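The sequence shown lines up with residues 1 to 94 when you count with this note's numbering.
Down below is the structure, laid out as structure tokens.
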Amino acid sequence: RAFTDARDPDAVRKWIRQVSNYDFNRILTSHFASPIAAIPQDFVDAFSYLDGQTQNLPKIACQDWQLLNELNQFIDQNKLGAPVVFDFQQGCQN
1 RAFTDARDPD
11 AVRKWIRQVS
21 NYDFNRILTS
31 HFASPIAAIP
41 QDFVDAFSYL
51 DGQTQNLPKI
61 ACQDWQLLNE
71 LNQFIDQNKL
81 GAPVVFDFQQ
91 GCQN
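Have a look at this one:
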């Protein structure tokens, strides 16, 4: 959410559409507990924040984004990636 999604949300949306066309009932992650029971609609719903739907996002304190903000600033200042164009902090709570 703070890196790829924030830099090119349109490409992420396209990828979501492509993946959601597959028939699956679980997702294997490279981090966190895996596998996760999920169908294509669950996958789509997990990225609903890209379309401004923040009501189902986990509540994250704004200060918890500080490290990610610093990393994004480092990436931007050193031209290591595309600039951030999406407010990945939407829905954070003070």
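C-beta: ideal position from N, C-alpha, C; glycine also.
Fair warning: this is a prediction, and the values are worked out from it, not measured in the lab.
**OP:** Quick one: using the 10 Å Cβ neighbour count with 16 as the cut-off for buried, is residue 49 buried or exposed?
**Re:** Residue mapping note: residue 49 aligns to position 49 of the sequence shown, counting from 1. Classification of residue 49: buried, given that the 10 Å Cβ count is 16 or more.
Subject >> Residues that DSSP places opposite residue 37 in a beta bridge >> reply: On the sequence shown, residue 37 is found 37 positions in, with the first residue counted as 1. BP columns for residue 37 point to 26.
**OP:** Could you give the DSSP three-state label for residue 89: helix, strand or coil?
**Re:** Stepping through the sequence shown from its first residue, residue 89 is reached at position 89. Three-state result, residue 89: coil.
Original post:
In chain order, what residues of the same chain lie with their CB nearer than 6 Å to the CB of residue 75, ignoring the 5 residues before and after it?
Top reply: Locating residue 75 in the sequence shown gives position 75, where the first residue counts as 1. Same-chain partners within the cutoff: 81.
Original post:
With 16 other CB atoms within 10 Å as the buried threshold, where does residue 72 fall?
Top reply: Within the sequence shown, numbered from 1, the residue matching residue 72 stands at position 72. So residue 72 ends up on the buried side.
Original post:
Can the beta-carbon of residue 93 be found less than 8 Å from the beta-carbon of residue 61?
Top reply: Within the sequence shown, the letter at position 93 stands for residue 93. Within the sequence shown, the letter at position 61 stands for residue 61. Against a cut-off of 8 Å, the Cβ pair of residue 61 and residue 93 comes out as a contact.
**OP:** Quick one: give me the first and last residue of the alpha helix (DSSP H) that residue 82 is part of.
**Re:** To locate residue 82, count along the sequence shown from 1; it is residue 82. It is not in any alpha helix (DSSP H) - residue 82 carries neither H nor E in the DSSP assignment.
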